[in-house]
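Engineer: Keeping their order, the protein sequence lines are chains A and B. Numbering-wise, my numbering puts 1324 at position 146 of the first sequence, and it's gapless, one number per residue. Numbering-wise, my numbering puts 852 at position 399 of the second sequence, and it's gapless, one number per residue. Each residue gets a CB set at the ideal place from its N, CA and C atoms; glycine is no exception.
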Amino acid sequence: MSTRWYPIYQRGNPQLRVFLPNFWMKLVRPHPKQLPNIVHFHCSMEMTKYDIKNYLEKIYEVPVVDVRTKINMGKFKKDVVKGYVIKEDDVKVAFVTLPKTMTFKYPDLFEKSINEEEEHAKSLDESKKNFRKYIDHNKSRPDIPSWFSI
Amino acid sequence: MHIIKLHRSLLKIKNAIPRYSTITALEESEYTETPEYPPILDMTREGKLLRRRQSFQSKIQELNTIEEKQIALNMPRYYGWQCIMLNNDKVPYNAMPLVQYYTRSHFIPVAKLPEAYNEIEQQASNILQEIKSQIEDAIAIELTDVERNFKFLQDKSIKMQQEDTITKCVVRQINRIIMNNLSDNLPHILSTQIDYDARHEAFWHIGGVDPPTTTVKWRKENKWPKSTHYESTDRPVQYIGSPILTLRNRHPLKPLIPYSEAENPAFKVDKFTTIPGSVGYFREFRHGTNIPGFWPGDIDEFGLLSYHGRGHILDRKTSFGEQDNIEALHCQAMKASFGWLLAQANYQGFTTFNDLTYPLVTQTVITNGKLWSLYAYQLNTIVMHNDTVDSNPKHNICFGTKPLQLYETIENGKVLGLNEDVLKMLLQFYMNAPAERDHAMKPYLGKDEKVVADIEDDNRRCWLEERYKYLVSNRPKHSLIPEVYLWEKIYKIQHNTRFFEAKRRPFERGINPFNRRLDDHISPYIPKVLREYPRSKKKFEATYYPQV
């Protein structure tokens, strides 16, 4: 559950309770052409395949068939301030295979906000169009107030 | 000046004089009644590349000998193809859709053998009664009364090796008993060759599969049009199998289903485009090899039956489940049958680019002594590279049983509850007699030169033989494959901080080192002492690569 060393259990010891474990898992979007029963996670570097399997099965009750892990090297980039090349941290990626009959689709988190943005843009365009029409209508009499119309 | 003018006027006079004999000859040969135009070629980029591929494939078809064709298949890659490795003894989870698509085989689960075996059934049940007791004794002895001293290898699990070793002994005994008892009645049994621990390898190209993620990334960086990012290309596949025992004969088995049925749309296989790494099949750099257990030139070139062990099932995780274990056996059988048949087809002159013109059949048995699965496979087509994967109407067919128990238990050295149906099916496999075919068996091989051994020129023959055997052995090379070191990737490619250094590496000069062809090397130098007398200028030894 965690990489810290806890005392070995001897008969009569109380139940071991693990507080603030340093095992974490983060669900990420798989690449677009992945099989539907494979889920991608980023996880703590110290986790093994057995750890990942137990984490998902015991805490989230997800039936796991197989786990494959890979360590992705962090990207190299130029430091903005100094200009030399620096490296981002490495990430351990876990490819978890669910039973064939189960599928998992990564949820679309920003669907609503895209719609809202589109609506905002539409209403802005409409009001711009109306303003241009109003100016066009009153081109020949710029000094007369707006409520004064035929 | 005047001399030039004079010369010119002389030429004009010479050309003006009609030369009657040549004009009549031209009229007869060059002019026809209707105009014959040359074919209009597709000059788009895709059209030109397709024509280049097709000319390569037709050049392979025109080569005479089997070995030259195999060398030609490997010609485009000096360092070997990055092949998707399909092994016999490892099947990942949910591999059935991938294996079916990569071998283009439609799987038909059956409880009994297909109809082609009905005629031999009666005879088989007669012979069964005679053989039953001998087989029971053999199984009992092998499984209980033999003191074994195992020597386990490090690379495979102990459980798997133990089961496979015992299976090997049982299978050899059963094969000996059946063949000895059948050789009186059936003539084809005596002429059948037995191979123990044969080497089966098969190589083909599969199309319609998604390109690897590195390729997609490269295409995006090099600004290919968006529609072409996920365009599929030929992916080389290599199968390596290790059967326990194989039988082969001079003539091929009779087809299970008529050849015309191969185009039946009911046998269509679903497309599986996901990269094989997702399922669990990974890639390796090696030369593509097609070996059906014997070298070219052997008379017994058609397979009858092959036995395989199923120790790898013990190694699979329990979380995979029973249903997936049964499917893993089906996958193993399809890979083994297709691989062996493809290698046999390559020895008849067909390749992954030149399609079969007749069907080939083989029988596969996967067993561990107690559980037996029997499969009959008909190969109708071997062409499934990118240009033909969608347009090829033919498919291969595999009939397979579930694992069947041969006996219940063994007590006191006696086998209890022997399942006679399983033995009868096995006997039917042996009794399925091969028959000579009417049509041409090797249409794409030369008339006189079918094998390198037929070539008369000594130098060419010896060179080709040596080159073929070395290529196909896939021994680890002394020189390493080209590599971009991590420091070069960071400081020369991604962030060029070493711009002042001389550009000597291939990636700095725009060369892709993996496009090196097989014949792209200098040949060995002949020292002056060893050259032909007198004063031969031939500095380098001659190479006899096929011209593709």
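Looking only at DSSP bridge pairs, what is A829 of chain B linked to?
Structural biologist: Answer is B:Q816, B:F852.
Engineer: Exposed or buried, what is W534 of chain B when buried is set at 16 or more other beta-carbons lying within 10 Å of its beta-carbon?
Structural biologist: The residue in question, W534 of chain B, is buried, as its Cβ has 16 or more Cβ neighbours within 10 Å.
Engineer: In whole angstroms, give me the CA-to-CA distance for I611 of chain B and A651 of chain B.
Structural biologist: Roughly 22 angstroms between the two C-alpha positions.
Engineer: Quick one, are the C-beta atoms of G822 of chain B and I619 of chain B less than 8 angstroms apart?
Structural biologist: A contact, by the Cβ cut-off of 8 angstroms.
Engineer: Determine the extent of the beta strand (DSSP E) in which T667 of chain B is found, giving its start and end residues.
Structural biologist: Looking at the DSSP string, T667 of chain B is not in any beta strand (DSSP E); the run it does join, the alpha helix (DSSP H), is 666 to 674.
Engineer: D1004 of chain B CB to nearest chain A CB: under 8 angstroms?
Structural biologist: Limits of chain B in this structure are 454 at one end and 1001 at the other, which puts residue 1004 of chain B out of reach.
Engineer: Would you be able to state if there are at least three C-beta pairs under 8 angstroms between the region 564 to 571 of chain B and the region 788 to 802 of chain B?
Structural biologist: With a cut-off of 8 angstroms, the region 564 to 571 of chain B and the region 788 to 802 of chain B do not count as touching, because too few Cβ pairs lie within range.
Engineer: Quick one: measure Cβ to Cβ for F1282 of chain A and V1217 of chain A, integer angstroms, because I've assumed they're closer than 8 angstroms.
Structural biologist: Between V1217 of chain A and F1282 of chain A the Cβ distance is about 5 angstroms, and since that is below 8 angstroms, they are a contact.
Engineer: What three-state label does DSSP hand S558 of chain B in the structure shown?
Structural biologist: Three-state result, S558 of chain B: strand.
Engineer: List the residues of chain A whose Cβ lies closer than 9 angstroms to the Cβ of Y938 of chain B, in chain order.
Structural biologist: Those do not exist, as Y938 of chain B stays about 14 angstroms from chain A at its closest Cβ, beyond 9 angstroms.
Engineer: Quick one: which chain B residues come within Cβ less than 8 angstroms of F1254 of chain A?
Structural biologist: What F1254 of chain A touches in chain B: I943, Q947, H948.
Engineer: So Q510 of chain B is in the beta strand (DSSP E); what residue range does that whole segment cover?
Structural biologist: Taken as a continuous stretch (DSSP letters only), Q510 of chain B belongs to no beta strand (DSSP E), being part of the alpha helix (DSSP H) at 498 to 515.
Engineer: Can you tell me where the beta strand (DSSP E) with R1246 of chain A in it begins and where it stops?
Structural biologist: Its beta strand (DSSP E) spans residues 1244 to 1250.
Engineer: Could you confirm whether any beta carbon from chain B is found closer than 8 angstroms to the beta carbon of I1264 of chain A?
Structural biologist: False, the Cβ-Cβ gap to chain B never drops below 8 angstroms.
Engineer: I'd like the span of the beta strand (DSSP E) that includes F656 of chain B, first residue to last.
Structural biologist: Unbroken beta strand (DSSP E) run through F656 of chain B: 653 to 659.
Engineer: Say whether the region 776 to 795 of chain B touches the region 720 to 735 of chain B, bearing in mind that this needs 3 or more beta-carbon pairs closer than 8 angstroms, one atom from each stretch.
Structural biologist: The region 776 to 795 of chain B, when compared against the region 720 to 735 of chain B, does not touch it at the 8 angstroms Cβ threshold.
Engineer: Kindly list, in the order they appear in chain A, the residues whose Cβ is closer than 9 angstroms to that of Y734 of chain B.
Structural biologist: Those within 9 angstroms of Y734 of chain B in chain A number zero; the least Cβ separation is about 13 angstroms.
Engineer: Quick check on G762 of chain B: does DSSP put it in helix, strand or coil?
Structural biologist: In the structure shown, G762 of chain B sits in a strand (DSSP, three-state: E or B).
Engineer: Could you have a look at F1197 of chain A and say whether DSSP puts it in helix, strand or coil?
Structural biologist: Correct three-state label for F1197 of chain A: coil.
Engineer: Where does R557 of chain B land, buried or exposed, given buried means 16+ other C-beta within 10 angstroms?
Structural biologist: So R557 of chain B counts as buried.
Engineer: When we look at the beta-carbon of L709 of chain B and count the other beta-carbons within 10 Å, is it buried (16 or more) or exposed?
Structural biologist: Buried is the call here.
Engineer: Output, in sequence order along the chain, the residues in the region 525 to 553 of chain B whose CB is closer than 9 angstroms to any CB in chain A.
Structural biologist: Flagged, chain order: P545, Y546, N547.
Engineer: Return helix, strand or coil for R1310 of chain A, following the three-state DSSP convention.
Structural biologist: Note: R1310 of chain A maps to helix in three-state DSSP.
Engineer: Scan the region 707 to 788 of chain B and note each continuous beta strand (DSSP E) run of 3 residues or more that stays entirely inside, going in chain order.
Structural biologist: Correct list: 736 to 739, 755 to 762.
Engineer: Should the region 960 to 970 of chain B be called in touch with the region 985 to 994 of chain B, which here means at least 3 C-beta pairs below 8 angstroms?
Structural biologist: Cβ pair count under 8 angstroms is below three, so no.
Engineer: Name, going along the chain, the residues of the region 756 to 789 of chain B whose beta-carbon falls closer than 8 angstroms to a beta-carbon of chain A.
Structural biologist: Cβ contacts with chain A: K770, S772, F773, G774, D777.
Engineer: Would a C-beta distance cut-off of 8 angstroms place T996 of chain B and S976 of chain B closer than the cut-off?
Structural biologist: Closer than 8 angstroms, so yes.
Engineer: Please compile the residues from chain B whose C-beta is within a distance smaller than 8 angstroms of the C-beta of H1220 of chain A.
Structural biologist: Going along chain B, no residue has its Cβ under 8 angstroms from H1220 of chain A, so there is no contact; the nearest lies around 17 angstroms.
Engineer: What residue range does the alpha helix (DSSP H) around R914 of chain B cover?
Structural biologist: Taken as a continuous stretch (DSSP letters only), the alpha helix (DSSP H) holding R914 of chain B covers 911 to 926.
Engineer: Does DSSP put I537 of chain B in a helix, in a strand, or in coil?
Structural biologist: I537 of chain B: strand per DSSP, three-state reduction.
Engineer: Report the three-state DSSP secondary structure of V875 of chain B (helix, strand or coil).
Structural biologist: Looking at V875 of chain B - three-state DSSP - the assignment turns out to be helix.
Engineer: For chain B, find out if any of its Cβ atoms is closer than 8 angstroms to the Cβ of I1186 of chain A; answer yes or no.
Structural biologist: Chain B contact via Cβ: absent.
Engineer: Could you tell me whether the Cβ of I1292 of chain A comes closer than 8 angstroms to any Cβ of chain B?
Structural biologist: No, because no Cβ of chain B sits closer than 8 angstroms to the Cβ of I1292 of chain A.
Engineer: Would D751 of chain B and K1211 of chain A be called neighbours here (beta carbons separated by less than 8 angstroms)?
Structural biologist: Going by C-beta atoms, D751 of chain B is not nearer than 8 angstroms to K1211 of chain A.
Engineer: In terms of DSSP beta bridges, what is T1275 of chain A paired with?
Structural biologist: DSSP output for T1275 of chain A lists A:I1216, A:D1244 as bridge partner(s).
Engineer: Going by DSSP, which residues form a beta bridge with N702 of chain B?
Structural biologist: DSSP lists B:F755 as partners of N702 of chain B.
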